[in-house]
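To keep things clear, I will list the structure first and then write my remarks on it.
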Amino acid sequence: MNPGPSLVVHDLSHAFARREVVAGVGFEVEAGRAVALVGPSGCGKSTVLNLCAGLLRVREGSIENGYANPACMFQEPRLLPWKSALDNVALGLKAIGMARDERHARAHALARRFGLSAEDVDKFPHELSGGMRSRIALARALAIEPDLLLLDEPFSALDVGLKEELYGLLVAYRVERDAGVLMITHDLAEAVRLSDRILVMTPSPGRIAARFDLALPASQRDDAWVYRHAAGILQSRTVRECFGLPPVAAAPDGDASANGGFAPSEVSVRERTSAERVALPAHARCGA
């Protein structure tokens with residue numbers, strides 16, 4: 301059976317001028333799977349995503365993208381101010397040459413699914429709330445029916461209620477379309493809620509310091525499960541070092557489940573052991 305497309309990042313490094321921001325990063329995003337890159341500000345998370353999106357040129361390492369139809373969503377909605385909400389949703393459809401009536405029909409259907417009224421879709425971005433603009437940005441990304449979503453903290457400025465609503469729409473789309481997702485976030489709880497694999501990056505230059513695999517399907521995770529597992533990951537010594545946090549008493553080293561209340565059937569964790577790691581952040585080695 302064909303395993304489906306994947307995004308494979310191998311030994312990726314990148315520098316701006318002479319400052320190295322990403323060093324030796326490697327991971328894979330398989331069809332139907334969501335991978336979250338988590339780390340402190342300035343660790344190179346967004347640089348990795350921009351490289352995967354083709355917005356930056358790969359200079360060292362390699363990226364093999366087997367997906368045919370990727371779409372991006374960023375922290376700012378990036379709507380075109382001179383176009384209506386409906387035309388913003390349909391923008392990607394116009395770019396691929398879809399006829400006007402067909403793209404407007406699809407955009408209207410998506411707008412209804414995202415809770416936008418007939419009046420809302422005729423408004424321009426400056427007439428809409430921040431939450432409405434975020435709905436439109438996600439609808440625009442999904443309108444082209446992407447098989448890979450590249451998300452750069454699109455939910456960070458939203459209130460809890462709207463976040464939960466958009467989380468549900470995103471998870472449903474991923475399940476329906478078997479789409480891959482690469483997401484950037486500062487929020488461990490968000491990563492636990494939405495992703496199947498969490499990769500924690502060191503401060504700049506960013507390397508992968510720890511990996512956490514979550515087996516329970518995202519659609520089955522309730523708030524208690526999410527916050528319990530996010531708290532457990534935060535007990536990891538490696539994670540605390542990456543975020544510049546002080547160690548906690550009896551913090552696990554190499555097994556984040558030790559103090560996190562993880563059930564082994566739900567979460568498997570693989571980290572570098574203390575013997576394999578060197579001091580963070582300046583000299584952290586890459587581990588998958």
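Reading the sequence shown from the start, the letters are residues 301 to 588 in the numbering used here. Ideal Cβ positions, reconstructed from N, Cα and C, are used throughout, including at glycine.
Proximity of residue i and residue j at Cβ, strictly below 8 Å
i	j	result
alanine 443	alanine 418	no
proline 505	alanine 336	no
cysteine 352	valine 309	yes
alanine 439	valine 475	no
leucine 451	methionine 373	yes
leucine 494	leucine 470	yes
valine 321	serine 306	no
alanine 411	aspartate 447	no
phenylalanine 512	isoleucine 533	yes
Minimum Cβ-Cβ distance from residue i to chain C less than 8 Å
i	result
histidine 486	Here there is only one protein chain, and chain C is not present.
Three-state secondary structure (DSSP) of residue i
i	result
arginine 400	helix
glycine 344	coil
proline 454	coil
serine 306	strand
glycine 354	coil
valine 329	strand
alanine 515	coil
histidine 314	strand
leucine 379	coil
alanine 390	coil
valine 460	helix
Paired residues, beta bridge with residue i - DSSP
i	result
alanine 334	Val481
leucine 449	Ala371 and Val481
Distance between beta carbons of residue j and residue i, contact taken as under 8 Å
i	j	result
arginine 497	arginine 333	7 Å
leucine 312	glycine 326	7 Å
leucine 466	serine 434	7 Å
Evaluate contact between the segment 364-381 and the segment 412-428, counting only Cβ atoms and requiring at least three cross-stretch pairs below 8 Å. yes
Is it the case that the segment 358-371 contacts the segment 523-543, given that we only count it when at least three CB pairs across the two stretches are under 8 Å? no
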